[in-house]
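Trainee: Have a look at this one.
Number of protein chains: 2
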Amino acid sequence: MLNKEEIRDWLVSLQERICTELEHTDGRGKFMTDAWQRSGGGGGVTRVFVGGKIIEKGGVNFSAVWGRTPEAVLRSMKLDPSDQSDFFATGVSIVLHPFNPMVPIIHMNVRYFEMTNGTWWFGGGIDLTPHYVDEEDARYFHRSLKQICDQHDSSYYSKFKDWADDYFFLKHRNETRGIGGIFFDYLKGDAGFTKETRFDFIQSLGNAFAPLYINLMNKNQSLPFTEKEKQWQYLRRGRYVEFNLVWDRGTKFGLDTDGRTESILMSLPPQAQWVYNYQPEDGSEEQKTLSMLKKGVDWVSFQQSAKS
Amino acid sequence: MLNKEEIRDWLVSLQERICTELEHTDGRGKFMTDAWQRSGGGGGVTRVFVGGKIIEKGGVNFSAVWGRTPEAVLRSMKLDPSDQSDFFATGVSIVLHPFNPMVPIIHMNVRYFEMTNGTWWFGGGIDLTPHYVDEEDARYFHRSLKQICDQHDSSYYSKFKDWADDYFFLKHRNETRGIGGIFFDYLKGDAGFTKETRFDFIQSLGNAFAPLYINLMNKNQSLPFTEKEKQWQYLRRGRYVEFNLVWDRGTKFGLDTDGRTESILMSLPPQAQWVYNYQPEDGSEEQKTLSMLKKGVDWVSFQQSAKS
Numbered sequence: 160m161l162n163k164e165e166i167r168d169w170l171v172s173l174q175e176r177i178c179t180e181l182e183h184t185d186g187r188g189k190f191m192t193d194a195w196q197r198s199g200g201g202g203g204v205t206r207v208f209v210g211g212k213i214i215e216k217g218g219v220n221f222s223a224v225w226g227r228t229p230e231a232v233l234r235s236m237k238l239d240p241s242d243q244s245d246f247f248a249t250g251v252s253i254v255l256h257p258f259n260p261m262v263p264i265i266h267m268n269v270r271y272f273e274m275t276n277g278t279w280w281f282g283g284g285i286d287l288t289p290h291y292v293d294e295e296d297a298r299y300f301h302r303s304l305k306q307i308c309d310q311h312d313s314s315y316y317s318k319f320k321d322w323a324d325d326y327f328f329l330k331h332r333n334e335t336r337g338i339g340g341i342f343f344d345y346l347k348g349d350a351g352f353t354k355e356t357r358f359d360f361i362q363s364l365g366n367a368f369a370p371l372y373i374n375l376m377n378k379n380q381s382l383p384f385t386e387k388e389k390q391w392q393y394l395r396r397g398r399y400v401e402f403n404l405v406w407d408r409g410t411k412f413g414l415d416t417d418g419r420t421e422s423i424l425m426s427l428p429p430q431a432q433w434v435y436n437y438q439p440e441d442g443s444e445e446q447k448t449l450s451m452l453k454k455g456v457d458w459v460s461f462q463q464s465a466k467s
Numbered sequence: 160m161l162n163k164e165e166i167r168d169w170l171v172s173l174q175e176r177i178c179t180e181l182e183h184t185d186g187r188g189k190f191m192t193d194a195w196q197r198s199g200g201g202g203g204v205t206r207v208f209v210g211g212k213i214i215e216k217g218g219v220n221f222s223a224v225w226g227r228t229p230e231a232v233l234r235s236m237k238l239d240p241s242d243q244s245d246f247f248a249t250g251v252s253i254v255l256h257p258f259n260p261m262v263p264i265i266h267m268n269v270r271y272f273e274m275t276n277g278t279w280w281f282g283g284g285i286d287l288t289p290h291y292v293d294e295e296d297a298r299y300f301h302r303s304l305k306q307i308c309d310q311h312d313s314s315y316y317s318k319f320k321d322w323a324d325d326y327f328f329l330k331h332r333n334e335t336r337g338i339g340g341i342f343f344d345y346l347k348g349d350a351g352f353t354k355e356t357r358f359d360f361i362q363s364l365g366n367a368f369a370p371l372y373i374n375l376m377n378k379n380q381s382l383p384f385t386e387k388e389k390q391w392q393y394l395r396r397g398r399y400v401e402f403n404l405v406w407d408r409g410t411k412f413g414l415d416t417d418g419r420t421e422s423i424l425m426s427l428p429p430q431a432q433w434v435y436n437y438q439p440e441d442g443s444e445e446q447k448t449l450s451m452l453k454k455g456v457d458w459v460s461f462q463q464s465a466k467s
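Listed below in structure tokens is the structure:
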């Protein structure tokens, strides 16, 4: 049966492959490597992109940590808080902020958690945050995710798409972070699934990341943009900061439980701006994008609206 | 006996006076006025500084809101969650981000809360966040606060100073936000205090805000600075964002309970930057500042260290 070392080793190789492919596509930047240890057990390798041409800031993080299961983890997972089991958690987490506002921000996370009492599950997700929504890209992104999901289970896409809509949501703005994607957690050995079939899905998603984003990089990285569009990018990055610091459970959990701050906050953009009560002009591309940041949009069959 | 209308009216006049004095000192910028209403009862007037010479972004907010006390408020204040009382809350909240990195960021909040069941208290605080700690300014700031506190109670300063050290603290960075100040909450009619004597203290603090900050503006606004120092300001503003979005209870509470987002996030800087694992050079002014962002520093009698 699949063991945690195999999962960990696959995640290490995934990190390596994604870094190599992104370096190749960017053509100039390199991933520097920062290994760290966790005092309670385990550690990680944070890989931060430096000197890029297409990607301005980003990272591809791997970690594998273990030790006595913290009470906060048990409570957050609604398990018996007095359980004395040890835990093991491993994952890869990615956020990429491009220079060009016509290239979307992307995020992916795949993770595995187990306890010595036999509990285990997979979690993760991927979502796209365009500064300007390109309907063709949005359809491509969601169709690709649906295709990956459908290979494993016909219920995955719609369930995980809705979950992403709910998760990547800024309640205080009544806005989704971007066009969503898929989000899932607690994928266990139930409903006919085994650890192997759950892991198959995780592998399909992980393997799809680089080709998916590289397509979007290549398609958009040479598009012209104005200073006004760059300003809009900074404002949208401000929203990204708000989501990650106010709503993202992974970030909050890490910061609350003495996680490695610099690896967790690798997700923040290089710069962000805030303007009091900024309202895009009626009929502008900025307003059009804002109007699409809603839950429940069917991106797979989204119809191109009339060009203004 | 002092009633809520008198407190509210005084806060309205405080907002007005502070805006006038800051406009006068800045010499160019103006406070625009944005009035808003709360669907559950009450509303506020957000005044946002625009076009400044010394102050780049900031606001002076007044609000007075009322209605059925939300369960979340009752729980957060450890009161009976089934209490059907109405509440009334009013306050003034200020954050100012200057252009020149040699001028510190300042924040003040004074507020009053009461319930129809007779419960009432005052809360508030003021703290200074220098991008570069100037020891003379830090002493001046804390000595001024001590003087204000001592006029009202000999225990106020040391108690409220320690409270500020604990409150304005970024646990995930093991750093205080700046050089602190004072923070207090739940100042009730106990230990020999009345509503009047508690309010006297609030008034002293509110009245001291403008002269205090104007002194720091005038003293530092013409100091020269380099591009490197400006970059450091952006990184420190990033920490300010982290504090406000991750740790500030007022911000979290407002965003969780459907507060007016733009008024709450008025506290965010115009721009902020994040650089992975940035470490200032040994012996630099930046490192010196970082080394002082600790709890428990006795700023009132802080001795100037040898100039490097």
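Residue numbers (the numbering used here), protein chains in the order written: chain A, 160 to 467; chain B, 160 to 467. For every residue, glycine included, the Cβ atom is placed at its ideal position computed from N, Cα and C.
Unbroken alpha helix (DSSP H) runs of length 4 or more, entirely within the region 278-330 of chain B: which are they?
Mentor: Runs found: 294-309, 315-326.
Trainee: Since I believe A:TYR316 is in contact with A:ASP325 (beta carbons under 8 angstroms), could you give me their beta-carbon distance rounded to a whole number of angstroms?
Mentor: Sequence index remark: in the first sequence, residue 325 of chain A carries index 166 (1-based). Sequence index remark: in the first sequence, residue 316 of chain A carries index 157 (1-based). Wrong, their Cβ atoms sit about 15 angstroms apart, outside the cutoff.
Trainee: Can you tell me whether B:SER172 is helix, strand or coil according to DSSP?
Mentor: Counting from 1 along the second sequence, the entry for residue 172 of chain B is found at position 13. Looking at B:SER172 - three-state DSSP - the assignment turns out to be helix.
Trainee: Could you tell me which chain A residues have their CB closer than 8 angstroms to the CB of B:PRO428, listed as they occur along the chain?
Mentor: Walking along the second sequence from the start, residue 428 of chain B turns up at place 269. Going along chain A in sequence order, the residues near B:PRO428 (Cβ under 8 angstroms) are TRP433.
Trainee: Any beta carbon from chain A within less than 8 angstroms of B:MET236's own beta carbon?
Mentor: In the second sequence, counting from the first residue as 1, residue 236 of chain B sits at position 77. No, its Cβ sits nowhere closer than 8 angstroms to a Cβ of chain A.
Trainee: Take the Cβ of A:GLU386 as the centre, count every other Cβ of all protein chains shown within 10 Å, and call the residue buried at 16 or more, exposed below.
Mentor: For the purposes of this step, residue 386 of chain A is identified with residue 227 of the first sequence, where counting begins at 1. Flag for A:GLU386 reads exposed.
Trainee: Need the endpoints of the alpha helix (DSSP H) that B:TYR345 sits in, please.
Mentor: Residue mapping note: residue 345 of chain B aligns to position 186 of the second sequence, counting from 1. That residue, B:TYR345, is in no alpha helix (DSSP H); its beta strand (DSSP E) goes 340-346.
Trainee: Flag A:GLU421 as yes if its beta-carbon sits less than 8 angstroms from any beta-carbon of chain B, otherwise no.
Mentor: Taking the first sequence and counting its residues from 1, one reaches residue 421 of chain A at position 262. Yes, its Cβ sits closer than 8 angstroms to a Cβ of chain B.
Trainee: For the pair the region 191-201 of chain A and the region 370-386 of chain A, tell me if three or more CB-CB distances fall below 8 angstroms.
Mentor: Result no; under three Cβ-Cβ pairs closer than 8 angstroms.
Trainee: Does DSSP put B:ASP407 in a helix, in a strand, or in coil?
Mentor: Within the second sequence, the letter at position 248 stands for residue 407 of chain B. If DSSP states are grouped into helix, strand and coil, B:ASP407 belongs with coil.
Trainee: Can you say whether B:LYS389 is buried or exposed, counting buried as having 16 or more other CB atoms within 10 angstroms of its CB?
Mentor: Counting from 1 along the second sequence, the entry for residue 389 of chain B is found at position 230. Exposed, by the Cβ-count rule.
Trainee: Below 8 angstroms on the Cβ atoms is my contact criterion, and I expect A:GLY282 with A:LEU346 to pass it. Report the Cβ-Cβ distance as a whole number of Å.
Mentor: The sequence position of residue 282 of chain A within the first sequence is 123, counting from 1. The sequence position of residue 346 of chain A within the first sequence is 187, counting from 1. The pair is a contact, with the Cβ atoms about 7 angstroms apart (cut-off 8 angstroms).
Trainee: When you compare the CB of B:ALA206 with every CB in chain A, is at least one pair closer than 8 angstroms?
Mentor: The residue you call residue 206 of chain B lines up with position 47 of the second sequence. In the sequence on display, residue 206 of chain B carries Arg and not Ala. So no, B:ARG206 is outside the interface.
Trainee: Can you have a look at A:GLU230 and say buried or exposed, based on whether 16 or more other CB atoms are within 10 angstroms of its CB?
Mentor: Here residue 230 of chain A is taken as the residue at index 71 of the first sequence, counted from 1. So A:GLU230 ends up on the exposed side.
Trainee: Going by DSSP, what residue range makes up the beta strand (DSSP E) through A:MET274?
Mentor: As a working note, residue 274 of chain A is residue 115 in the first sequence. First-last of the beta strand (DSSP E) with A:MET274: 264-274.
Trainee: Once the 5 residues before and after B:LYS216 are set aside, which same chain residues still bring their CB inside 6 angstroms of it?
Mentor: Residue 216 of chain B sits at position 57 when you count from the first residue of the second sequence. Here the set comprises HIS256, PRO429.
Trainee: By how many angstroms is the C-alpha of A:SER443 removed from the C-alpha of A:SER467?
Mentor: Here residue 467 of chain A corresponds to residue number 308 of the first sequence, with the count starting at 1. Here residue 443 of chain A corresponds to residue number 284 of the first sequence, with the count starting at 1. Any reading at A:SER467 must be qualified, since the residue scores a pLDDT of 42, below 50, and its modelled position is unreliable; no value is offered.
Trainee: In this structure, what does DSSP give as the bridge partners for B:ASN220?
Mentor: Position 61 of the second sequence, counting from 1, holds the residue named residue 220 of chain B. The partner list for B:ASN220 (beta bridge, DSSP) reads B:THR205, B:SER252.
Trainee: Pull out every residue of the region 441-462 of chain A whose Cβ sits closer than 9 angstroms to any Cβ of chain B, in chain order.
Mentor: Going along the region 441-462 of chain A in chain order, one finds no residue with a Cβ nearer than 9 angstroms to chain B.
Trainee: Check this for me: beta carbons of B:VAL292 and B:MET451, under 8 angstroms apart or not?
Mentor: Translated into the one-based positions of the second sequence, residue 292 of chain B becomes position 133. Translated into the one-based positions of the second sequence, residue 451 of chain B becomes position 292. Contact flag set, yes.
Trainee: Under 9 angstroms Cβ-Cβ, which residues of chain B neighbour A:ASP193?
Mentor: In the first sequence, counting from the first residue as 1, residue 193 of chain A sits at position 34. Going along chain B in sequence order, the residues near A:ASP193 (Cβ under 9 angstroms) are TYR435, ASN436.
Trainee: Counting only C-beta atoms, is A:ARG395 closer than 8 angstroms to chain B at any point?
Mentor: Stepping through the first sequence from its first residue, residue 395 of chain A is reached at position 236. So, not an interface residue.
Trainee: Expressed to the nearest angstrom, what Euclidean distance is found between the alpha-carbon atoms of B:ILE285 and B:PHE328?
Mentor: Walking along the second sequence from the start, residue 285 of chain B turns up at place 126. Walking along the second sequence from the start, residue 328 of chain B turns up at place 169. C-alpha separation (whole angstroms): 14 angstroms.
Trainee: Would you mind sorting A:HIS266 into buried or exposed? The rule is 16 or more other CB atoms within 10 Å of its CB.
Mentor: As a first step, residue 266 of chain A is located in the first sequence; it is residue number 107 there, counting from the start. Flag for A:HIS266 reads buried.
Trainee: Check the Cβ of A:ARG332 against every Cβ in chain B and list those closer than 9 angstroms, keeping chain order.
Mentor: Here residue 332 of chain A refers to the residue found at position 173 when the first sequence is read from its first residue. Simply THR420.
Trainee: Output needed for A:GLY201: all residues of its chain with C-beta closer than 6 angstroms, excluding positions within five of it in sequence on either side, in chain order.
Mentor: The residue you call residue 201 of chain A lines up with position 42 of the first sequence. Contacts found: ALA223, VAL224, TRP225.
Trainee: Please list the terminal residues of the continuous beta strand (DSSP E) segment that includes A:THR192.
Mentor: Here the question's residue 192 of chain A lines up with position 33 in the first sequence. It spans 189-196 - the beta strand (DSSP E) in which A:THR192 sits, taken as one unbroken run.
Trainee: Just how far apart, CA to CA, sit B:PRO260 and B:ASP185?
Mentor: Numbered from its first residue, the second sequence carries residue 260 of chain B at position 101. Numbered from its first residue, the second sequence carries residue 185 of chain B at position 26. Approximately 16 angstroms between the Cα atoms of the pair.
Trainee: Reducing DSSP to helix, strand and coil, say where A:ASP242 ends up.
Mentor: As a first step, residue 242 of chain A must be located in the first sequence, where it is residue number 83. Three-state DSSP puts A:ASP242 in coil, outside helix and strand.
Trainee: Between B:GLU421, B:PHE368, B:LEU371, B:LYS330, which has its C-alpha nearest A:ASP415's C-alpha?
Mentor: Translated into the one-based positions of the first sequence, residue 415 of chain A becomes position 256. The shortest Cα separation from A:ASP415 among B:GLU421, B:PHE368, B:LEU371, B:LYS330 belongs to B:LYS330.
Trainee: Name, going along the chain, the residues of the region 400-412 of chain A whose beta-carbon falls closer than 7 angstroms to a beta-carbon of chain B.
Mentor: Correct list: VAL400, GLU401, LEU404, VAL405.
Trainee: Pop quiz: B:ILE338 and B:ALA297 are said to be a contact at Cβ under 8 angstroms. What is the actual Cβ separation, rounded to whole angstroms?
Mentor: Locating residue 338 of chain B in the second sequence gives position 179, counting from the first residue. Locating residue 297 of chain B in the second sequence gives position 138, counting from the first residue. Going by Cβ atoms, the distance from B:ILE338 to B:ALA297 rounds to 5 angstroms, so yes, they are a contact pair.
Trainee: Taking 8 angstroms as the threshold (beta carbon to beta carbon), is B:MET274 in contact with chain A?
Mentor: Residue 274 of chain B sits at position 115 when you count from the first residue of the second sequence. Not one chain A Cβ lies under 8 angstroms of B:MET274.
Trainee: Less than 6 angstroms between C-beta atoms, sequence neighbours within five positions excluded: which residues of the same chain meet that for A:ALA465?
Mentor: To locate residue 465 of chain A, count along the first sequence from 1; it is residue 306. Confidence at A:ALA465 is low in this model, with a pLDDT of 48, below 50, so its placement is unreliable and the value that follows should be read with caution. Within the same chain, A:ALA465 has no close Cβ partners at all.
Trainee: Cα separation between B:PHE358 and B:VAL262?
Mentor: Against the second sequence, residue 358 of chain B aligns to sequence position 199. Against the second sequence, residue 262 of chain B aligns to sequence position 103. Answer to the nearest angstrom: the Cα atoms are 30 angstroms apart.
Trainee: Counting only C-beta atoms, is B:MET267 closer than 8 angstroms to chain A at any point?
Mentor: As a position in the second sequence, residue 267 of chain B is number 108, starting the count at 1. B:MET267 does not count as touching chain A.
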